[in-house]
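In the numbering used here, the protein residues as written are 3 to 147.
We treat Cβ as the ideally placed atom computed from N, Cα and C, and that holds for glycine.
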């Protein structure tokens with residue numbers, strides 16, 4: 003390591019420290035605020051961002067992540083009642099998870115709702131996936147009629 007440090011020009015005694023941002027706690031109000039803010043910002047390009055915000059506010063948004071052991075905690079709706087849930091799963095098999103959860107058409111393409119969200123295979127609800135705060139996530143919410 004010392005010879006590598008010398009090769010790239012680090013002064014003697016310099017130590018490289020690797021840091022990683024801790025994952026957001028999906029049960030916290032700061033996470034819900036972060037999610038709401040990211041969806042508000044996405045309204046200009048995501049046709050279903052408003053649906054996600056409505057579901058978050060109504061307590062009908064479910065979020066799953068493969069990052070840690072399983073847990074189940076209710077979100078609180080605007081009236082203060084527990085509603086919706088957030089669950090985490092083992093991170094191995096994320097693609098298997100998506101293949102098990104997303105509906106496909108006869109050609110093998112993922113099904114989409116009228117707003118462009120994916121369709122959850124088990125429930126028929128709207129779905130989306132991506133990454134928030136360094137964690138993979140899978141969200142479902144009732145598809146607007």
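Neighbourhood of residue i by C-beta, 8 Å cutoff - its chain only, sequence neighbours within 5 removed
i: residue 112; result: 104, 105, 106, 120 and 121
i: residue 44; result: 51
i: residue 42; result: 51 and 55
Residues near residue i by beta carbon distance below 6 Å, same chain, minus five either side
i: residue 139; result: 65 and 67
i: residue 57; result: 63 and 143
i: residue 98; result: none
Closest residue to residue i among the options (Cα-Cα distance)
i: residue 48; options: 101, 117, 141 and 108; result: 117
i: residue 96; options: 109, 34, 132 and 115; result: 132
i: residue 115; options: 40, 98, 144 and 102; result: 144
Nonlocal neighbours in the same chain, by C-beta distance under 7 Å from residue i, ignoring five residues either side
i: residue 125; result: 142
Alpha-carbon to alpha-carbon, residue j and residue i
i: residue 2; j: residue 130; result: Residue 2 falls outside the range modelled here, since the chain spans only 3 to 147, and no answer is possible.
i: residue 147; j: residue 123; result: 18 Å
i: residue 110; j: residue 51; result: 25 Å
i: residue 53; j: residue 39; result: 14 Å
i: residue 108; j: residue 100; result: 17 Å
i: residue 62; j: residue 127; result: 11 Å
i: residue 30; j: residue 36; result: 10 Å
i: residue 33; j: residue 102; result: 26 Å
Residues that residue i bridges to, as DSSP identifies them
i: residue 32; result: Residue 32 is not bridged to any residue.
i: residue 129; result: 120 and 142
i: residue 104; result: 122
i: residue 112; result: 106
Residue i beta carbon near the ligand GTP (any heavy atom closer than 7 Å)
i: residue 101; result: The ligand GTP is not among the ligands present in this structure, which contains no ligands whatsoever.
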